[in-house]
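This report refers to the structure that appears directly beneath it.
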Amino acid sequence: MNSSGKYDFKQFQEELAALDRKAAETRPAAPAPAPVPPPAAPKRRGRPPKIDPLAAARAEFEALRLRHGFTVADVVSWFPAEEGIAYLQGLIAASEPKQRRRRKADPPADGSDAG
């Protein structure tokens, strides 16, 4: 954080770039694996699947987090409190199993209205 108390994304990017340079100096360059084309999927019918507009940003952020070995505390400390809390809530929600919907109770067998 800078002196004004606001989140400084540019400073964060510069520090990550410095970490990248330092990491590149300490390890030899490894050849990048060739991208594997995904298998051809059959054409879908009906409504197109919902697309998450932030999926690419999330994937890139997760790759950075894993590459630099950041913990959840490191990640959360970079964001304002509200965004850090939202990030933690998202992690908790993703780790919990989804609850199954219950069916409504069957009407009474004697045919009378119970309501």
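Anchor point for the sequence shown: position 115 equals 193 in the working numbering, and the numbering is continuous, going up by one each time.
Heads up, the beta-carbon is just placed ideally off N, CA and C, and yes, glycines get one too.
All figures in this text were calculated on a predicted structure; none of them were measured in a lab.
Whole-number beta carbon distance between V154 and L144, since they are thought to touch under 8 Å
Position 66 of the sequence shown, counting from 1, holds the residue named residue 144. Position 76 of the sequence shown, counting from 1, holds the residue named residue 154. The beta-carbon distance between L144 and V154, rounded to whole angstroms, is 16 Å. This is too long to meet the 8 Å contact definition.
If you reduce the DSSP assignment to three classes, tell me which class A132 lands in.
As a position in the sequence shown, residue 132 is number 54, starting the count at 1. In the sequence on display, residue 132 carries Leu and not Ala. Reduced to three states, the DSSP call for L132 is coil.
Do L132 and L94 have their C-beta atoms closer together than 8 Å?
For the purposes of this step, residue 132 is taken as the residue at position 54 of the sequence shown. For the purposes of this step, residue 94 is taken as the residue at position 16 of the sequence shown. It is not a contact, given that the beta carbons lie outside the stated cut-off.
Close-in-space but distant-in-sequence residues of the same chain around L169 (CB under 8 Å, 5 per side omitted):
The residue given as residue 169 occupies position 91 in the sequence shown. Closer than 8 Å at Cβ, skipping near neighbours: V150.
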